[in-house]
Amino acid sequence: MSETVKKFFYVNRKAPYGTIFAQEALEVVLIGAAFDQDVSLGFLDDGVYQLVKGQDTKDLGVKNFSPTFRALGDYDVTKLFVEKESLDERGLSADDLDEIMYEDEDDDWAEKPSIRIVSRAEMADIMADQDVVLSF
Amino acid sequence: MSETVKKFFYVNRKAPYGTIFAQEALEVVLIGAAFDQDVSLGFLDDGVYQLVKGQDTKDLGVKNFSPTFRALGDYDVTKLFVEKESLDERGLSADDLDEIMYEDEDDDWAEKPSIRIVSRAEMADIMADQDVVLSF
Amino acid sequence: MSTLHTVNKSPFSTQSLLSCLNHAKDGDTILMIEDGVYGAAKGTGLGDALAARGGAVSLCVLASDMEARGLEASRLIDGVTPVDYAGFVEMVVNNDRTQSWL
Amino acid sequence: MSTLHTVNKSPFSTQSLLSCLNHAKDGDTILMIEDGVYGAAKGTGLGDALAARGGAVSLCVLASDMEARGLEASRLIDGVTPVDYAGFVEMVVNNDRTQSWL
Amino acid sequence: MKIGVVVSAGPYTHESSDTAYNFVKAAIAAGHEVPRVFFYHDGVNVGTRLSVPPQDDRNIQVNWSALAKEHGTDLVICIAAAQRRGLLDENEAQRQGKDADNIAEGFRISGLGQLIEMGIQTDRLVTFGE
Amino acid sequence: MKIGVVVSAGPYTHESSDTAYNFVKAAIAAGHEVPRVFFYHDGVNVGTRLSVPPQDDRNIQVNWSALAKEHGTDLVICIAAAQRRGLLDENEAQRQGKDADNIAEGFRISGLGQLIEMGIQTDRLVTFGE
Chain A
1369 MSETVKKFFY VNRKAPYGTI FAQEALEVVL IGAAFDQDVS LGFLDDGVYQ
1419 LVKGQDTKDL GVKNFSPTFR ALGDYDVTKL FVEKESLDER GLSADDLDEI
1469 MYEDEDDDWA EKPSIRIVSR AEMADIMADQ DVVLSF
Chain B
1369 MSETVKKFFY VNRKAPYGTI FAQEALEVVL IGAAFDQDVS LGFLDDGVYQ
1419 LVKGQDTKDL GVKNFSPTFR ALGDYDVTKL FVEKESLDER GLSADDLDEI
1469 MYEDEDDDWA EKPSIRIVSR AEMADIMADQ DVVLSF
Chain C
9 MSTLHTVNKS PFSTQSLLSC LNHAKDGDTI LMIEDGVYGA AKGTGLGDAL
59 AARGGAVSLC VLASDMEARG LEASRLIDGV TPVDYAGFVE MVVNNDRTQS
109 WL
Chain D
9 MSTLHTVNKS PFSTQSLLSC LNHAKDGDTI LMIEDGVYGA AKGTGLGDAL
59 AARGGAVSLC VLASDMEARG LEASRLIDGV TPVDYAGFVE MVVNNDRTQS
109 WL
Chain E
2 MKIGVVVSAG PYTHESSDTA YNFVKAAIAA GHEVPRVFFY HDGVNVGTRL
52 SVPPQDDRNI QVNWSALAKE HGTDLVICIA AAQRRGLLDE NEAQRQGKDA
102 DNIAEGFRIS GLGQLIEMGI QTDRLVTFGE
Chain F
2 MKIGVVVSAG PYTHESSDTA YNFVKAAIAA GHEVPRVFFY HDGVNVGTRL
52 SVPPQDDRNI QVNWSALAKE HGTDLVICIA AAQRRGLLDE NEAQRQGKDA
102 DNIAEGFRIS GLGQLIEMGI QTDRLVTFGE
């Protein structure tokens, strides 16, 4: 691997299942985790729907990939930024989202939430602080 | 061919070139013209952009299919309904569209315009009067 | 003479549901499928526009697409009915034509 | 530190341009390409929203995509600059990152 | 009742071909006839036999081929759309000088006239697309 | 400067692969380096050698293959995305028990790691998609 550590940002703006972009974005995140870069995920616009709890695809006949988000902590992917305005516009709140936790190795492995609700202005600041932006 | 004459309606809601839907819709219209059905085309939402005059794809490197609309009269496809509200929202007027004419065999081959600007309510009435609706 | 309209896009990313609402006539049915099911959730500005047509137009949503997305029946706009695929087929049969708002 | 934003969808069918405008920072550049070029036309409600950011954010449009669609330079919102592919490349190089609003 | 179906989005990428498949199964189960499904635009890619989805995912092509076998549904892939996108049967491959073909069992390639004919001969037509 | 490019929409259906091609040509003409183009989602379909566009249209695959030959650009097709969509090289076809492959000259199939690596090793990354 390379010595450089870059800030990688995954932009998730699409709902799950209607199109494959959310699922294939997650596949990139999982592979990318092995490269020891500084990884963040942004969920805005319809992307916030990816994290809604209670997804059940049994009747639809496609794979439910939402549990994979809960495994991201094991891959040291612990920064999931969710835009508050995007939730509001869709009648959603933080309580409607899956609980996604990670163990903080710098804080005696304390369990902490990976999801951080941020304002639109904060999301814009986060985006403006990245080296590589991958859009889905 | 069949003896039945059905009302076929082609719904064009997408802009040209960004996606292939407009072009492949036109390919269906051309083939469909051979079946002697009662054919109408509806242009609404971004579909109105398909008829904008002055399209020049030389630098883009893709085929300019807008002249094909002008040939539709030769295939007896003479009813192109364009929604006025869709034009208005896009800052367009009937003057911005290509001139598409046909020769009316029931009126001594008089040249008449194929494009008919209709209101949203009229478009809804036209849609509600069809047998087969093909959406692009 | 009535029309079944299907809408398969999220109303928060595209204009399809809005355009469908603008063209549906009294007595028609609107079925929200795929990402279109998000249009059936209450508590949004769009929900009000949809609910306003709820008397004149039948509003339905495909249950398996709701469940996949974690959209619970309790969150639906009043008057929106979840249907299964058998119900979808019935609606296609019982209306004179189907128009897909892609 | 600045960002080049590309928008390739019509603002009349999707929310991409609006979302881009909501996240672009002063000093950034927005380049409208493909069906995104329709966002650069004046005389629409959206055009006003775009023009309002025109001072703080550089607004550009890809010329070959304009020409393909019959969008003439005279119809552009004041302050929107047509660029060719060489200009597109320059913008990618001169900004620190590129974000595509798909 | 006779119901015609159009699939106009690519498999896996868009949900449309899944929705169409579930719809067709339900229509047949309800006693209706689905004489033909017409694949257009990226929908033609549903008919490739070279796709290998993950083991824990559905196989869209295999599902459609099985449906065609069981119920005799005519799965027609538009030739013009297929040529652009690289979906060929043996005849087309030969005619175009290509060294391979990729169409799956139960699908056939034909012209857009089959779509219009389906519109004329069925009582209802439903489009599933992008 | 080194510029990485991602193509994530299918050929002909969306303009993205054309835009990406024009962009890469312009970048190289301006003296920049485009070491790799990564094809993801439906973008993998750009790499099929079985496509036969109309005579009066551009041939997207042939254009990309020629660009790779002339400038040594590494055209990488994502293996996971390609398997779902039926885009295979000879090795993959054998491994999956398929009787044909369809990848075009100048393209190669590899993993998503190549995308991340491209992000690390280039100065800029631009995505063209649906």
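Chains as they are written, first to last, in the numbering used here: chain A, 1369 to 1504; chain B, 1369 to 1504; chain C, 9 to 110; chain D, 9 to 110; chain E, 2 to 131; chain F, 2 to 131. For each residue, glycine too, the CB sits at the ideal point set by N, CA and C.
(1) My output table needs one value for residue 1478 of chain B: the three-state DSSP class, helix, strand or coil.
(2) Could you tell me whether the Cβ of residue 15 of chain C comes closer than 8 angstroms to any Cβ of chain B?
(3) For the region 1388 to 1401 of chain A against the region 21 to 40 of chain C, are there 3 or more C-beta pairs whose distance is under 8 angstroms?
(4) Measuring only between beta-carbons, confirm whether residue 13 of chain F sits less than 8 angstroms from chain E.
(5) Using 10 angstroms around the beta-carbon of residue 1423 of chain B, count the other beta-carbons present and answer buried if the total reaches 16, otherwise exposed.
(6) Of the choices A:1469, A:1382, A:1412, A:1427, whose alpha-carbon is the least far from that of residue 91 of chain C?
(7) Measuring alpha carbon to alpha carbon, tell me which residue in D:34, D:96, D:29 is nearest residue 68 of chain D.
(8) What is the rounded straight-line gap between the Cα of residue 1476 of chain B and the Cα of residue 1418 of chain B?
(9) How far does the alpha helix (DSSP H) with residue 1416 of chain A in it reach, from first residue to last?
(10) Give the residues from the region 4 to 28 of chain E that approach chain A closer than 8 angstroms (Cβ to any Cβ), ordered along the chain.
(11) What do you get for residue 96 of chain F, buried or exposed, if any count of 16 or more other CB atoms within 10 angstroms of its CB means buried?
(12) With contact counted as at least three CB pairs below 8 angstroms, one residue from each stretch, are the region 70 to 79 of chain C and the region 1428 to 1441 of chain A in contact?
(13) Any C-beta of chain E sitting closer than 8 angstroms to the C-beta of residue 1370 of chain B?
(14) Strictly by DSSP, which residues pair up with residue 66 of chain D?
(15) Distance check for residue 14 of chain E and residue 1485 of chain A, CA to CA, integer angstroms please.
(16) Quick check on residue 81 of chain F - is its C-beta less than 8 angstroms from some C-beta in chain A?
(17) How would you write the range of the beta strand (DSSP E) that residue 1452 of chain B sits in, first residue to last?
(18) Ends of the alpha helix (DSSP H) at residue 24 of chain F?
(19) Which one of E:111, E:114, E:25 has the shortest CA to CA distance from residue 73 of chain E?
(20) Please compile the residues from chain D whose C-beta is within a distance smaller than 8 angstroms of the C-beta of residue 1498 of chain A.
(21) Please classify residue 1378 of chain A: does DSSP put it in a helix, a strand, or coil?
(22) Between which two residues does the alpha helix (DSSP H) harbouring residue 31 of chain D extend?
(23) Ordered along the chain, which non-local residues of its own chain (more than five positions away) have a Cβ less than 8 angstroms from that of residue 59 of chain E?
(24) Among E:50, E:77, E:86, E:43, which residue has its Cα nearest to the Cα of residue 173 of chain F?
(25) Figure out for me which residue from A:1384, A:1463, A:1444 has the closest Cα to the Cα of residue 42 of chain C.
(26) To the nearest whole angstrom, what separates the beta carbons of residue 1447 of chain A and residue 1394 of chain A, a pair I think is in contact under 8 angstroms?
(27) Could you spell out the range, first to last residue, of the beta strand (DSSP E) harbouring residue 111 of chain E?
(28) I'd like to know whether the C-beta atoms of residue 1498 of chain B and residue 1375 of chain B end up nearer to each other than 8 angstroms.
(29) In angstroms with no decimal places, state the Cα-to-Cα distance between residue 94 of chain F and residue 54 of chain D.
(30) For the beta strand (DSSP E) containing residue 1406 of chain A, name the first residue and the last one.
(31) Classify residue 1461 of chain A: buried if its beta carbon has 16 or more other beta carbons within 10 angstroms, exposed otherwise.
(32) Residue 23 of chain F to residue 77 of chain F, Cα distance in whole Å?
(33) Buried or exposed for residue 1451 of chain A, going by 16 or more other Cβ atoms inside 10 Å?
(34) Would a check of beta-carbon distances place residue 39 of chain E closer than 8 angstroms to chain F?
(35) Taking the DSSP output, what are the residues bridged to residue 108 of chain C?
(36) Mind checking residue 52 of chain F: buried by the 16 CB within 10 Å criterion, or exposed?
Short version:
(1) strand
(2) no
(3) no
(4) yes
(5) buried
(6) A:1427
(7) D:96
(8) 30 angstroms
(9) Element bounds for residue 1416 of chain A: n/a, residue is neither H nor E.
(10) 13, 14, 15, 16, 19, 23
(11) exposed
(12) yes
(13) Low confidence applies here, because residue 1370 of chain B scores a pLDDT of 49, under 50, leaving its location unreliable and the question unanswered by this model.
(14) D:37
(15) 29 angstroms
(16) yes
(17) Here residue 1452 of chain B belongs to no beta strand (DSSP E); instead the alpha helix (DSSP H) covers 1452 to 1457.
(18) 17 to 30
(19) E:25
(20) 105
(21) strand
(22) 24 to 31
(23) 19
(24) Only positions 2 to 131 of chain F appear in the structure, and residue 173 of chain F is not among them; the question remains open.
(25) A:1384
(26) Not really, about 15 angstroms apart at Cβ, beyond 8 angstroms.
(27) 108 to 111
(28) yes
(29) 50 angstroms
(30) 1406 to 1411
(31) exposed
(32) 18 angstroms
(33) buried
(34) no
(35) C:14
(36) buried
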